[in-house]
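Down below is the structure, laid out as structure tokens.
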Amino acid sequence: MYGRKITLPLLPALEIEDPKTYNSESWMNYLNERIPLLHGIAINNIKKAQEAQKKFYDKRSKIKYDYKVGDLIARKNLEKLSFPKERWSGPWEIIEKNNAEGTSFKIRKQGDTTGYLSTANIKHMRIWYPEINDASTSLRGEDGVMSG
Numbered sequence: 146m147y148g149r150k151i152t153l154p155l156l157p158a159l160e161i162e163d164p165k166t167y168n169s170e171s172w173m174n175y176l177n178e179r180i181p182l183l184h185g186i187a188i189n190n191i192k193k194a195q196e197a198q199k200k201f202y203d204k205r206s207k208i209k210y211d212y213k214v215g216d217l218i219a220r221k222n223l224e225k226l227s228f229p230k231e232r233w234s235g236p237w238e239i240i241e242k243n244n245a246e247g248t249s250f251k252i253r254k255q256g257d258t259t260g261y262l263s264t265a266n267i268k269h270m271r272i273w274y275p276e277i278n279d280a281s282t283s284l285r286g287e288d289g290v291m292s293g
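Residue numbers (this note's numbering): 146 to 293.
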């Protein structure tokens, strides 16, 4: 303790020996051989971790659909209105891209004559499919029963 050699009271004859020491040349040779191996292992582990992180990120950020100018889309209704509200509104027509990545678009409500343009993020857009009810009403007769 405090830089002095320890003497154990119960075993006075027991001397603590220094652990095996290396002379400086053999230690230097050992480090010169071992450090590049450890460095290589560390680099491989970093590459594996980066690949796993890239795979996880790409899984979440993948664009589900490549929208083009002129496509019809449904836009998520983000307005805070009373319950119940429609989740999606549309159809909206894509007028142009706002950025090079293709994640933001200028859109216009189809059939809108005022020329009002809005901006939509790709997270809040879906492909517009004509409603199933529109197709099924054409198959109904005057009595409302499906024919065919």
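C-beta atoms are modelled at their ideal positions from N, C-alpha and C, and glycine is treated no differently.
CA nearest to the CA of residue i, picked from the options
i: alanine 245; options: Asp203, Leu182, Lys213 and Ala194; result: Lys213
i: lysine 251; options: Thr258, Glu241 and Gly260; result: Glu241
i: asparagine 222; options: Ser249, Leu182, Lys192 and Pro236; result: Pro236
i: proline 275; options: Gln255, Ala187, Asn266 and Ser206; result: Gln255
i: tyrosine 261; options: Glu238, Asn243 and Glu224; result: Glu238
i: tryptophan 233; options: His269, Lys200 and Ser206; result: His269
Proximity test, residue i beta-carbon vs the ligand COA heavy atom, cut-off 7 Å
i: glutamate 196; result: Only the bare structure without any ligand can be found here, which leaves the ligand COA out of the picture.
Inter-residue CB distance, residue i and residue j (contact presumed, cutoff 8 Å)
i: arginine 271; j: alanine 194; result: Rounded, the Cβ-Cβ distance is 35 Å, inconsistent with contact.
i: glycine 249; j: threonine 259; result: Position check: residue 249 holds serine in this sequence, whereas glycine was assumed. Their Cβ separation, rounded to whole angstroms, is 22 Å, which puts serine 249 and threonine 259 out of contact at 8 Å.
i: tryptophan 273; j: leucine 217; result: 4 Å
Inter-residue spacing [alpha-carbon to alpha-carbon] between residue i and residue j
i: aspartate 257; j: tyrosine 202; result: 38 Å
i: aspartate 279; j: isoleucine 267; result: Low confidence applies here, because aspartate 279 scores a pLDDT of 49, under 50, leaving its location unreliable; read the following figure in that light. Each residue's Cα considered, the two are about 26 Å apart.
i: tyrosine 210; j: lysine 204; result: 14 Å
i: serine 292; j: glutamate 196; result: Unreliable positioning characterises serine 292 in this predicted model, as indicated by a pLDDT of 49, which lies under 50. A coordinate reading is not provided.
i: arginine 253; j: glycine 215; result: 10 Å
Continuous alpha helix (DSSP H) assignments of at least 4 residues falling wholly in the stretch 183 to 237: none
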